[in-house]
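Take a look at the structure below.
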Amino acid sequence: MKPPIFVVVAANGDILAFDSPARAERYVESIDVENGEYLQAFDSEGRLLALEVERPTVRHKFLGLESVELTPVRLVEKESKPSHAEDLVEALLAAFARVGEPGEHANAAMGELVEKALRRFRVR
Numbered sequence: 121m122k123p124p125i126f127v128v129v130a131a132n133g134d135i136l137a138f139d140s141p142a143r144a145e146r147y148v149e150s151i152d153v154e155n156g157e158y159l160q161a162f163d164s165e166g167r168l169l170a171l172e173v174e175r176p177t178v179r180h181k182f183l184g185l186e187s188v189e190l191t192p193v194r195l196v197e198k199e200s201k202p203s204h205a206e207d208l209v210e211a212l213l214a215a216f217a218r219v220g221e222p223g224e225h226a227n228a229a230m231g232e233l234v235e236k237a238l239r240r241f242r243v244r
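Written out as structure tokens, the structure is:
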């Protein structure tokens, strides 16, 4: 898995960009993974990744109130060789279009597009 890591939000196609797999794992919450809030994840080469919950999120109910105990999330490679570079490029270009930069990145090489996307969509 080669950083940066890109996670696609299911609801709107927004991109979350992370400097490292560890940063992505710390940011993403188990309950969101279980609820299907993330559509896809990729490394910088277009390798398909999966967000997996180590154990189910624990839910507590008391007097009509519900609380959750989050559990660890792990990024797992779904393929040894990257074969989803086109999907990554498509997701990044769509995200740039949503933030008002539709055509500026269309002809960029993949490495350049990845660098620009990390700068624009980095989660701090």
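Using my numbering, you'd call the opening residue of the sequence shown number 121 and step up by one each time. Glycine residues also receive a C-beta, built at the ideal position from the N, C-alpha and C atoms.
For a test of the three-state rule: what should DSSP assign to residue i, helix, strand or coil?
| i | result |
| --- | --- |
| ALA130 | coil |
| GLU189 | strand |
| GLU235 | helix |
| VAL209 | helix |
Straight-line CA distance for residue i to residue j?
| i | j | result |
| --- | --- | --- |
| VAL196 | LYS181 | 31 Å |
| VAL193 | PRO176 | 10 Å |
| LEU185 | GLU154 | 20 Å |
| PRO124 | SER187 | 32 Å |
| LEU171 | ALA226 | 28 Å |
| LEU190 | GLU210 | 32 Å |
| GLU145 | ALA228 | 29 Å |
| ALA214 | PHE126 | 13 Å |
| GLY231 | VAL178 | 40 Å |
Residue i: which of the options sits nearest, CA to CA?
| i | options | result |
| --- | --- | --- |
| LYS122 | ALA161, TYR147 and PHE241 | ALA161 |
| LEU208 | GLU149, ASP152 and ALA237 | ALA237 |
| ALA205 | ASP134, PHE216 and LEU233 | LEU233 |
In terms of residue numbering, what span does the alpha helix (DSSP H) encompassing residue i cover?
| i | result |
| --- | --- |
| ARG143 | 141-147 |
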